[in-house]
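Numbering (UniProt numbering), first residue to last: 1 to 310.
(1) How would you label residue 171, buried or exposed, when you count the other beta carbons within 10 angstroms and need 16 or more for buried?
(2) Taking the Cβ atom as the reference point for each residue, do residue 190 and residue 130 lie within a distance shorter than 7 Å?
(3) Are the segment 89 to 105 and the segment 258 to 270 in contact at 8 Å, needing three or more beta carbon pairs?
(4) Which residue marks the beginning of the alpha helix (DSSP H) containing residue 141, and which one marks its end?
(5) Quick check: what's the CA-CA separation for residue 112 versus residue 83?
(6) With a floor of 4 residues, list each alpha helix (DSSP H) that falls wholly inside the segment 175 to 202, ordered by position along the chain.
(7) Count the other C-beta atoms from every protein chain shown that fall within 10 angstroms of the C-beta of residue 27, then say buried if there are 16 or more, exposed otherwise.
(8) Pull up the distance between the alpha-carbon of residue 49 and that of residue 269, whole angstroms please.
(9) Is the Cβ-Cβ distance between residue 92 and residue 278 less than 7 Å?
(10) I need the straight-line Cα distance from residue 157 to residue 175, nearest angstrom please.
(11) Let me check one thing: in DSSP terms, what residues is residue 80 bridge-paired to?
(12) Compare the Cα-Cα distances from residue 76 to each of 287, 100 and 273 and report the closest residue.
(13) Between 177, 280, 275 and 288, which lies nearest to residue 249 when the distance is taken from Cα to Cα?
(14) Buried or exposed: residue 8, going by 16 or more other Cβ atoms within 10 Å of its Cβ?
(15) Taking the straight line between their C-alpha atoms, what separation do you get for residue 69 and residue 45?
(16) DSSP on residue 125, reduced to helix/strand/coil?
(17) At the level of alpha carbons, what is the spacing between residue 198 and residue 281?
(18) CB-CB under 8 Å to residue 287, same chain, minus the five flanking residues each way: which ones, in chain order?
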């Protein structure tokens, strides 16, 4: 029953979010300028301009264009890119794996690196090592993506020559974009885990475990972490949307050919089909991840499991 309820909520949220975002985008794009003028160029004749507008359907009344747009969305048909001649949804889906690669790697680093460092910062919060980890996390959390990206480019690509500076031809090209994107997320997870564990240390059940001879780090890992992890999971779900939007900056910086760079290029070229298809795909991803996060958060919370068992 709970799965059916979550599924119904997901469908409603998906429909409302996608339609709201696409409707807003439709009218904003029409106010941003005439794409026909970009396609024809400064030397085009008025006849060429009228012909391109007719081919794109831009000579129709606005509400007629909107009705046709909704029909196309229902068929997942966002049109053909006027610059490449490729169906827009196919072009976006072809670039999507590159973006998901760095977003997925970022979330993986947040768990594999952020959680252990957060435990270390909590277990040794009065010692220099714990304070160093906490201070480093605070610095990484405060540093803008483009500043960190430029520093990583300067050190690892230009000075040391260890990693490629642009493109997406191999997995090595994803290293610097992933590190740039992951800095804030890993730092935030470190601080969330640290705060949650320090709060849990004061609970009676942790004192009982310590009184029975359990070590501090073991008590934190086995007993306190399950109670402190649900807020971390909730943050990662919310942060997924932030990561998808942050790829716009990171992919431009490294000329990494994901959907973030594709979206920026399409906006400057006034490529309506690509922009609309990209926003549609991102909206679906955000709503889907949010629904998955709701389920995982309930499963990961020991209190919810105890209530379900009772």
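We treat Cβ as the ideally placed atom computed from N, Cα and C, and that holds for glycine. Computed from a predicted model, the values in this text were never measured in an experiment.
To lay it out plainly:
(1) On the chain shown, position 171 is the one that residue 171 refers to. Exposed is the call here.
(2) Working through the chain shown from its first residue, we reach residue 190 at position 190. Working through the chain shown from its first residue, we reach residue 130 at position 130. Result no, Cβ atoms of residue 190 and residue 130 do not sit closer than 7 Å.
(3) yes
(4) What you label residue 141 is simply residue 141 of the chain shown in a count that begins at 1. From DSSP, the alpha helix (DSSP H) with residue 141 extends over 128 to 142.
(5) Here residue 112 refers to the residue found at position 112 of the chain shown. Here residue 83 refers to the residue found at position 83 of the chain shown. Cα to Cα, residue 112 sits roughly 42 Å from residue 83.
(6) 175 to 201
(7) One-based indexing of the chain shown puts residue 27 at position 27. Classification of residue 27: exposed, given that the 10 Å Cβ count is below 16.
(8) The sequence position of residue 49 within the chain shown is 49, counting from 1. The sequence position of residue 269 within the chain shown is 269, counting from 1. Approximately 16 Å between the Cα atoms of the pair.
(9) Translated into the one-based positions of the chain shown, residue 92 becomes position 92. Translated into the one-based positions of the chain shown, residue 278 becomes position 278. Their beta carbons are under 7 Å apart, which means residue 92 touches residue 278 by this criterion.
(10) For the purposes of this step, residue 157 is identified with residue 157 of the chain shown, where counting begins at 1. For the purposes of this step, residue 175 is identified with residue 175 of the chain shown, where counting begins at 1. Distance between the alpha carbons of residue 157 and residue 175 is about 11 Å.
(11) As a first step, residue 80 is located in the chain shown; it is residue number 80 there, counting from the start. Looking at the DSSP assignment, residue 80 forms a beta bridge with 87.
(12) Numbered from 1 along the chain shown, position 76 holds the residue referred to as residue 76. The residue with the shortest Cα to Cα distance from residue 76 is 273.
(13) Taking the first residue of the chain shown as position 1, residue 249 is located at position 249. Answer by Cα proximity: 177.
(14) If you number the chain shown from 1, residue 8 lands on position 8. Exposed.
(15) Here residue 69 is taken as the residue at index 69 of the chain shown, counted from 1. Here residue 45 is taken as the residue at index 45 of the chain shown, counted from 1. About 28 Å.
(16) Taking the chain shown and counting its residues from 1, the one referred to as residue 125 is at position 125. Note: residue 125 maps to coil in three-state DSSP.
(17) Here residue 198 is taken as the residue at index 198 of the chain shown, counted from 1. Here residue 281 is taken as the residue at index 281 of the chain shown, counted from 1. Near 40 Å, if we compare the C-alpha coordinates of residue 281 and residue 198.
(18) Reading the chain shown from its first residue, position 287 is the one you call residue 287. Closer than 8 Å at the Cβ level, and outside the excluded window around residue 287, lie 10, 13, 14, 17 and 18.
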